[in-house]
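No gaps in the numbering here: position 678 of the sequence shown is 678 in UniProt numbering, and each next residue is one more.
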Amino acid sequence: YKQCMFCKAINGMINPTEGRLKSASLQCCHSTYLQAVLFLQTLSETIWVIYLKNMITQYWPDRETAPGEIPPYSIPEEDRHCIRENIVEAIIHSPELIRYKKPEERSPLIAAMQHFLPVLKDSFIQLLSDPSDQSVLIQKQIFKIFYALVQYTLPLELINQQNLTEWIEILKTVVDRDVPAETLQVDEDDRPELPWWKCKKWALHILARLFERYGSPGNVSKEYNEFAEVFLKAFAVGVQQVLLKVLYQYKEKQYMAPRVLQQTLNYINQGVSHAVTWKNLKPHIQVNHSLDLILKKIYKDQMEYMLQNHVFPLFSSELGYMRARACWVLHYFCEVKFKSDQNLQTALELTRRCLIDDREMPVKVEAAIALQVLISNQEKAKEYITPFIRPVMQALLHIIRETENDDLTNVIQKMICEYSEEVTPIAVEMTQHLAMTFNQVIQTGPDEEGSDDKAVTAMGILNTIDTLLSVVEDHKEITQQLEGICLQVIGTVLQQHVLEFYEEIFSLAHSLTCQQVSAQMWQLLPLVFEVFQQDGFDYFTDMMPLLHNYVTVDTDTLLSDTKYLEMIYSMCKKVLTGVAGEDAECHAAKLLEVIILQCKGRGIDQCIPLFVEAALERLTREVKTSELRTMCLQVAIAALYYNPHLLLNTLENLRFPNNVEPVTNHFITQWLNDVDCFLGLHDRKMCVLGLCALIDLEQIPQVLNQVAGQILPAFILLFNGLKRAYACHAEHENDSDDDDEAEEDEETEILAKQAGEDGDDEDWEEDDAEETALEGYSTIIDDEDNPVDEYQIFKTIFQTIQNRNPVWYQTLTQGLNEEQRKQLQDIATLADQRRAKLQFHCVLLVHFMNKNVLFLPSCLFIEQIRFRL
Numbered sequence: 001y002k003q004c005m006f007c008k009a010i011n012g013m014i015n016p017t018e019g020r021l022k023s024a025s026l027q028c029c030h031s032t033y034l035q036a037v038l039f040l041q042t043l044s045e046t047i048w049v050i051y052l053k054n055m056i057t058q059y060w061p062d063r064e065t066a067p068g069e070i071p072p073y074s075i076p077e078e079d080r081h082c083i084r085e086n087i088v089e090a091i092i093h094s095p096e097l098i099r100y101k102k103p104e105e106r107s108p109l110i111a112a113m114q115h116f117l118p119v120l121k122d123s124f125i126q127l128l129s130d131p132s133d134q135s136v137l138i139q140k141q142i143f144k145i146f147y148a149l150v151q152y153t154l155p156l157e158l159i160n161q162q163n164l165t166e167w168i169e170i171l172k173t174v175v176d177r178d179v180p181a182e183t184l185q186v187d188e189d190d191r192p193e194l195p196w197w198k199c200k201k202w203a204l205h206i207l208a209r210l211f212e213r214y215g216s217p218g219n220v221s222k223e224y225n226e227f228a229e230v231f232l233k234a235f236a237v238g239v240q241q242v243l244l245k246v247l248y249q250y251k252e253k254q255y256m257a258p259r260v261l262q263q264t265l266n267y268i269n270q271g272v273s274h275a276v277t278w279k280n281l282k283p284h285i286q287v288n289h290s291l292d293l294i295l296k297k298i299y300k301d302q303m304e305y306m307l308q309n310h311v312f313p314l315f316s317s318e319l320g321y322m323r324a325r326a327c328w329v330l331h332y333f334c335e336v337k338f339k340s341d342q343n344l345q346t347a348l349e350l351t352r353r354c355l356i357d358d359r360e361m362p363v364k365v366e367a368a369i370a371l372q373v374l375i376s377n378q379e380k381a382k383e384y385i386t387p388f389i390r391p392v393m394q395a396l397l398h399i400i401r402e403t404e405n406d407d408l409t410n411v412i413q414k415m416i417c418e419y420s421e422e423v424t425p426i427a428v429e430m431t432q433h434l435a436m437t438f439n440q441v442i443q444t445g446p447d448e449e450g451s452d453d454k455a456v457t458a459m460g461i462l463n464t465i466d467t468l469l470s471v472v473e474d475h476k477e478i479t480q481q482l483e484g485i486c487l488q489v490i491g492t493v494l495q496q497h498v499l500e501f502y503e504e505i506f507s508l509a510h511s512l513t514c515q516q517v518s519a520q521m522w523q524l525l526p527l528v529f530e531v532f533q534q535d536g537f538d539y540f541t542d543m544m545p546l547l548h549n550y551v552t553v554d555t556d557t558l559l560s561d562t563k564y565l566e567m568i569y570s571m572c573k574k575v576l577t578g579v580a581g582e583d584a585e586c587h588a589a590k591l592l593e594v595i596i597l598q599c600k601g602r603g604i605d606q607c608i609p610l611f612v613e614a615a616l617e618r619l620t621r622e623v624k625t626s627e628l629r630t631m632c633l634q635v636a637i638a639a640l641y642y643n644p645h646l647l648l649n650t651l652e653n654l655r656f657p658n659n660v661e662p663v664t665n666h667f668i669t670q671w672l673n674d675v676d677c678f679l680g681l682h683d684r685k686m687c688v689l690g691l692c693a694l695i696d697l698e699q700i701p702q703v704l705n706q707v708a709g710q711i712l713p714a715f716i717l718l719f720n721g722l723k724r725a726y727a728c729h730a731e732h733e734n735d736s737d738d739d740d741e742a743e744e745d746e747e748t749e750i751l752a753k754q755a756g757e758d759g760d761d762e763d764w765e766e767d768d769a770e771e772t773a774l775e776g777y778s779t780i781i782d783d784e785d786n787p788v789d790e791y792q793i794f795k796t797i798f799q800t801i802q803n804r805n806p807v808w809y810q811t812l813t814q815g816l817n818e819e820q821r822k823q824l825q826d827i828a829t830l831a832d833q834r835r836a837k838l839q840f841h842c843v844l845l846v847h848f849m850n851k852n853v854l855f856l857p858s859c860l861f862i863e864q865i866r867f868r869l
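Structure (structure tokens):
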């Protein structure tokens with residue numbers, strides 16, 4: 001009987017007229033035994049899923065009731081058992097909402113839509129003549145289907161110019177058609193929910209999405225370039241004309257649903273940046289007439305006096321709103337060129353007082369933003385505020401805690417960068433305050449109102465702490481004090497599994513390990529490993545900078561306890577054998593390579609077979625990008641550089657399913673075939689060092705004789721690429737030196753360092769001389785002080801082979817043409833030049849040290865020489 005009553009309650013909730021009554025009935029029977037099984041067996045109904053989620057959230061407490069507390073109702077143990085027994089099966093049968101989320105997985109969807117899209121279009125055309133509610137609701141649903149199809153990727157195999165023309169006409173028709181007059185009888189607050197307005201909203205959603213993501217030349221990815229050109233020339237203006245009519249109707253006081261207006265303006269805004277749509281839009285922009293007046297020099301020169309006479313007095317207003325508005329005006333006139341220093345000081349002083357002394361929080365918020373932009377845009381402002389930096393920072397911290405405003409976290413970050421020296425003495429106090437504010441902000445539950453805004457604020461706080469760490473990185477004693485505070489924040493996020501902050505937390509941990517890795521930070525590694533195993537698998541690339549520091553900054557401790565290396569290897573292995581995606585797999589392979597190079601000669605021979613097997617096994621499965629293929633090969637190349645005989649023995653003992661070719665043969669053949677895919681400085685250098693180790697073996701593997709004709713051409717290709725890469729690196733270094741000499745704003749440097757981004761993949765593909773994405777994870781052979789020079793090593797080994805093994809030398813060189821022989825001679829000449837420069841550098845260094853005159857100019861001179869080696 002109870003189960004029947006429960007089912008009736010659930011079914012009744014689907015009927016909106018009975019929903020409230022049935023909801024009450026449902027609440028009364030939430031203790032019914034076996035109801036959990038009923039939920040789990042009928043999870044196709046959304047209402048059941050929602051109720052199950054709410055029931056578990058509310059009535060399955062995380063902790064036992066403390067002694068003396070009145071125990072709240074909780075799900076009985078027998079129901080909990082039923083949930084545990086059935087939840088996996090329920091998940092398996094749940095609607096697969098993300099089945100076709102990734103473009104490469106959409107083939108079944110595309111195949112289905114080849115049939116259904118024309119049917120939907122024809123059905124819509126038939127429905128246009130039917131003005132009934134039901135017809136418009138179906139039209140809306142068709143639009144929602146179309147929007148879901150094109151929201152993230154545009155299936156060009158489905159959308160061609162002919163059917164796009166038909167769909168655009170349908171969309172324009174819906175946007176342009178009149179809404180029935182009887183809808184005006186509905187309360188204005190309820191009108192947006194009417195099917196006619198919802199249908200218009202989705203039509204505009206589609207138009208704005210098509211224009212913004214796929215139809216805007218210069219702002220789209222390569223595959224959409226042709227579509228963008230067609231859309232802009234054939235459709236953009238026609239759609240814009242219809243949307244201008246919508247805005248005209250709104251101007252004439254006709255009702256327009258807010259979301260319809262919003263999407264209309266989104267489309268209009270997108271068209272401003274394109275000549276063809278701007279030409280059509282320009283006559284409708286009445287503000288042009290006032291702009292012509294405002295931009296005249298006579299008015300521009302009077303801006304300072306306008307502020308002096310009309311804005312400054314408002315700071316004394318009794319109305320908080322007017323004081324806040326005065327700050328707001330200064331914010332937007334921050335670039336005014338003040339002829340009078342006194343007026344600038346007045347602006348700064350009035351704003352500073354509002355920030356520190358005003359009692360109204362909105363005034364303080366506006367003052368904080370205005371003060372920061374004035375300091376950033378007025379050269380003399382920074383000096384004036386310097387004596388007040390402590391109270392200013394304290395006020396900012398207080399406002400952030402009180403308001404949890406994410407705009408202010410950006411303000412304080414920029415202020416920290418502007419006043420890095422002045423902030424250093426109060427960095428500990430500031431970090432403590434920020435940590436307390438962060439803990440306060442994250443107490444908001446995920447379902448509470450405003451939780452999204454608070455999450456953004458919390459992220460801003462973590463980024464601010466990271467900025468502080470960057471500022472004080474040269475002050476070891478301060479950094480040590482900050483470490484303890486930061487570890488509490490890191491521990492809170494990781495132990496509570498707050499996934500949305502993992503990226504910022506791992507960035508924070510990375511900053512704490514750049515100079516040294518303390519015992520406390522080593523204690524963090526097991527927690528990171530535990531998080532990775534539980535729910536952090538998808539965050540491996542965010543963990544990578546921290547793991548890289550563990551390996552390179554404190555190698556001694558890494559090797560002092562086998563559990564550290566085991567944890568890092570286990571994470572890499574899990575990524576390479578899982579479904580993390582090729583970007584994460586590239587990072588995992590890179591980390592294995594870094595470990596091998598960092599620990600060369602330090603007794604990790606037992607690890608090499610494991611590392612090589614993990615990398616090469618990945619190549620037995622489908623690989624879509626050359627980056628992953630070369631990175632996996634590079635792990636074996638690093639092992640070859642580590643110990644050639646150990647690698648060859650490892651390869652001989654490896655066996656992979658469905659691979660009849662010996663692994664050694666397959667590895668060397670694949671390597672030489674892909675040698676043109678190794679880009680940047682490090683990857684090419686590793687290739688050269690690996691090939692040098694290979695040709696220098698006393699016992700040449702049989703496969704090398706078979707591919708001997710490819711080896712020296714591969715060297716030539718690599719050295720030509722290295723020459724371009726070194727030139728590119730030197731050019732970037734010179735640009736950096738010029739920036740330093742000009743004393744550029746250090747804010748960019750600090751924030752760029754904090755971001756740790758390496759650029760856009762497409763740029764690396766277009767110019768193979770640029771640093772690759774993973775080269776930012778430096779190894780011991782990338783150190784400028786490292787004596788490993790690939791040019792000299794190649795020349796020495798090649799000459800040794802010529803003298804020691806003339807037959808092998810003849811095998812290597814017999815297929816070379818005259819141009820290739822000349823290029824080899826050029827490489828040898830460059831090797832001599834690099835050795836001579838290195839010797840010159842050493843002589844200079846010894847001379848200056850003996851004379852005790854190693855002053856800054858000398859250091860800079862020597863650094864320039866050393867870099868060009």
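We treat Cβ as the ideally placed atom computed from N, Cα and C, and that holds for glycine.
query: Round the Cβ separation of Ala435 and Ile485 to the nearest angstrom and send it over; I've been treating them as touching at under 8 Å.; result: 5 Å
query: Could I get the ranges of all uninterrupted alpha helix (DSSP H) runs contained in the segment 601-629, with 4 residues as the minimum, in chain order?; result: 608-618
query: Does DSSP classify Ser255 as helix, strand or coil?; result: According to the sequence as given, residue 255 is Tyr; it is not Ser. Here Tyr255 sits in coil by DSSP.
query: Suppose you measure from the CA of residue 900 to the CA of Val246; what does that come to, to the nearest Å?; result: Outside the modelled stretch of the chain, which goes from 1 to 869, sits residue 900, for which no answer is possible.
query: Please identify the residue among Asp556, Lys563 and Leu610 whose C-alpha is closest to the C-alpha of Gln598.; result: Asp556
query: My assumption, with CB atoms under 8 Å, is that Ile400 sits in contact with Ile412. Please give the rounded CB distance.; result: 7 Å
query: Three or more C-beta pairs closer than 8 Å, one from the segment 573-587 and one from the segment 549-563: is that the case here?; result: no
query: Quick check on Asn817: does DSSP put it in helix, strand or coil?; result: coil
query: Flag this pair as yes or no: are the beta carbons of Leu204 and Gln263 separated by less than 7 Å?; result: yes
query: Start and end of the alpha helix (DSSP H) containing Tyr73?; result: No alpha helix (DSSP H) holds Tyr73; DSSP gives it neither H nor E.
query: By DSSP, does Asp683 sit in helix, in strand, or in coil?; result: helix
query: I need the straight-line Cα distance from Met543 to Ile568, nearest angstrom please.; result: 11 Å
query: Note down, in chain order, each residue of its chain lying with its Cβ closer than 8 Å to the Cβ of Arg352, except the 5 sequence neighbours on either side.; result: Ala367, Leu371, Ile385, Phe388 and Val392
query: From Gln308 to Ile268, what does the alpha carbon distance come to, in whole angstroms?; result: 37 Å
query: Please list, in chain order, all residues of the same chain as Ile75 whose beta carbon is under 6 Å from its beta carbon, the five residues on each side excluded.; result: Tyr59 and Trp60
query: Along the chain, where does the alpha helix (DSSP H) that runs through Thr552 open and close?; result: Phe540 to Thr552
query: State yes or no: is the C-beta of Met631 within less than 7 Å of the C-beta of Cys586?; result: yes
query: For Val428, which residues of its own chain have a beta-carbon under 8 Å away from its beta-carbon, when the five flanking residues on both sides are left out?; result: Ile478, Gln481, Leu482 and Ile485
query: Can you find at least 3 beta carbon pairs, one from the segment 688-705 and one from the segment 650-670, that sit closer than 8 Å?; result: yes
query: Please determine if the segment 202-220 and the segment 183-193 are in contact, where contact requires at least 3 C-beta pairs separated by less than 8 Å.; result: no
query: Would DSSP call His274 helix, strand or coil?; result: coil
query: Where Leu689 and Arg834 are concerned, what is the direct C-alpha to C-alpha distance, given to the nearest angstrom?; result: 17 Å
query: Out of Glu503, Ser511 and Thr513, which one is the CA nearest neighbour of Phe537?; result: Glu503
query: Buried or exposed for Lys233, going by 16 or more other Cβ atoms inside 10 Å?; result: exposed
query: Compare the beta carbon distance of Tyr791 and Leu830 with 7 Å and say whether it is the shorter of the two.; result: yes
query: Using CA atoms only, rank isn't needed, just tell me which of Leu717, Gln161, Lys198 and Gly680 is closest to Phe227.; result: Gln161
query: Count the other CB atoms within 10 Å of the CB of Glu784; is the residue buried (16 or more) or exposed (fewer)?; result: exposed
query: What ranges does the beta strand (DSSP E) occupy inside the segment 179-234, keeping only unbroken runs of at least 3 residues that lie completely in it?; result: none
query: Can you give the Cα-Cα distance for Ala90 and Arg84, rounded to whole angstroms?; result: 10 Å
query: Between Thr183, Val528 and Leu654, which has its C-alpha nearest Asp133's C-alpha?; result: Thr183
query: Closer than 7 Å by C-beta to Cys327: which residues in its own chain qualify, once you throw out the five before and the five after it? Chain order, please.; result: Thr351, Cys354, Val363, Glu366, Ala367 and Ala370
query: What is the DSSP secondary structure of Asp358, reduced to helix, strand or coil?; result: coil
query: Is it buried or exposed, Gly721, if we count other Cβ atoms within 10 angstroms and call 16 or more buried?; result: buried
query: Can you tell me which of Glu169, Pro131, Leu117 and Asn163 puts its alpha carbon nearest to the alpha carbon of Lys144?; result: Leu117
query: Spatial neighbours of Arg868 within its chain, please: C-beta separation below 6 Å, excluding the five flanking residues on both sides.; result: Model confidence at Arg868 stands at a pLDDT of 41, short of 50, so the residue's coordinates are unreliable; what they give is reported in the following sentence. If we look at Arg868 and ignore the five residues flanking it on each side, it has no Cβ neighbours.
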